[in-house]
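K.L.:
Residue numbering for the sequence shown is 15 to 189, as defined by this note's numbering.
First the structure, then my questions, so here it is.
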Amino acid sequence: MSLNYRFMLKLGGTVALLNMLLNAGIAWLVLHSLETVPLWGPASIASFMLCSGGLAGFIFGYIATRATWFALRSSQALPLHWHLKSQTLIDRLPGGTFNRSFILGLCGILFTYLTLLLLEVQDRPGLLLHEFMVLICIQAALAGAGVTAMAFYRALGDRKIAKTKMAAFQKSNFS
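Rendered as structure tokens:
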């Protein structure tokens with residue numbers, strides 16, 4: 015397995031597990047007194063998932079970008095060469111860490127909103143607490159892994175890091 019895939023799987027798995035445990039813990043602390051969690055309202059599936067989706071997208075997008083930059087500098091991952099990158103939506107994410115994290119936070123909200131629409135289409139007014147906990151764990155793990163993959167892939171192609179890495183590579187090999 016390539017160096018980049020190995021690092022991405024390690025980072026993505028760690029973020030997915032951390033996000034899942036964090037969301038499950040917060041959901042249990044906030045909503046454990048409810049027998050049924052309503053879909054809409056102040057203490058509801060929608061309010062919890064939209065907040066956690068946006069915050070997780072922002073925070074873990076930031077962490078994944080920084081971790082990837084560190085991995086590039088310490089040779090745990092290799093930068094993408096310009097001809098290996100295709101013009102995908104991920105390549106159009108902003109170059110700055112904060113701006114990229116903000117967009118990934120919006121992606122987390124969009125992902126959550128799609129989940130809420132599916133629950134609405136099923137005509138579910140709410141979920142039992144244990145069903146909600148399972149939903150939160152699955153959504154948190156998928157969102158964490160997805161945001162990490164997007165931030166990782168985009169950070170591999172960041173010009174300032176790639177130039178630094180290429181300059182160090184050329185200096186060590188051609189001096």
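Glycine is no exception: its CB is placed at the ideal position from the N, C-alpha and C atoms.
Using the beta-carbon count (16 or more within 10 Å), is residue 15 buried or exposed?
P.N.:
Taking the first residue of the sequence shown as 1, we reach residue 15 at position 1. Answer is exposed; the Cβ neighbour count stays below 16.
K.L.:
For the candidate residues 143, 83, 171, whose alpha-carbon lies nearest to that of residue 38?
P.N.:
Taking the sequence shown and counting its residues from 1, the one referred to as residue 38 is at position 24. Looking at the Cα atoms, 143 is the closest of the given residues.
K.L.:
Per the contact definition of three or more C-beta pairs closer than 8 Å, is the segment 57–66 in contact with the segment 126–136?
P.N.:
Because the criterion of three Cβ pairs below 8 Å is met, the segment 126–136 and the segment 57–66 touch.
K.L.:
Would you mind working out which of 91, 147, 121 sits nearest residue 104, comparing C-alpha positions?
P.N.:
To locate residue 104, count along the sequence shown from 1; it is residue 90. Taking only the C-alpha atoms, the option nearest residue 104 is 121.
K.L.:
Within 10 Å of its beta-carbon, does residue 21 have 16 or more other beta-carbons around it, so buried, or fewer, so exposed?
P.N.:
By 1-based counting over the sequence shown, the position of residue 21 is 7. By the neighbour-count rule (16 or more Cβ atoms within 10 Å), residue 21 is buried.
K.L.:
Who are the Cβ neighbours of residue 115 in its own chain at under 6 Å, not counting the five residues just before and after it?
P.N.:
For this step, residue 115 is matched to residue 101 along the sequence shown. The answer, listed in chain order, is 72, 75, 76.
K.L.:
Note the first and the last residue of the continuous alpha helix (DSSP H) segment covering residue 27.
P.N.:
The count along the sequence shown starts at 1 and reaches residue 27 at position 13. Unbroken alpha helix (DSSP H) run through residue 27: 17–45.
K.L.:
Using a 10 Å radius around the Cβ and a threshold of 16 neighbouring Cβ atoms, would you call residue 29 buried or exposed?
P.N.:
Stepping through the sequence shown from its first residue, residue 29 is reached at position 15. So residue 29 ends up on the buried side.
K.L.:
Whole angstroms is fine: what's the gap from residue 189's alpha carbon to residue 93's?
P.N.:
Stepping through the sequence shown from its first residue, residue 189 is reached at position 175. Stepping through the sequence shown from its first residue, residue 93 is reached at position 79. Caution is warranted here: a pLDDT of 49 is assigned to residue 189, below 50, making its placement in the model unreliable, and the coordinate value is therefore given only provisionally. Their Cα atoms are separated by approximately 21 Å.
K.L.:
Assuming residue 41 contacts residue 118 under a Cβ cut-off of 8 Å, what Cβ separation, rounded to an integer in Å, is found between them?
P.N.:
Start at 1 with the first residue of the sequence shown, and residue 41 comes out as number 27. Start at 1 with the first residue of the sequence shown, and residue 118 comes out as number 104. The Cβ separation is near 21 Å, so there is no contact.
K.L.:
Hey, is the segment 142–157 in contact with the segment 75–90, meaning 3+ C-beta pairs nearer than 8 Å?
P.N.:
Touching, no, given that fewer than three Cβ pairs across the two stretches are closer than 8 Å.
K.L.:
Decide if residue 138 is buried, meaning its Cβ has at least 16 other Cβ atoms within 10 Å, or exposed.
P.N.:
As a position in the sequence shown, residue 138 is number 124, starting the count at 1. Exposed, because fewer than 16 other Cβ atoms sit within 10 Å of the Cβ of residue 138.
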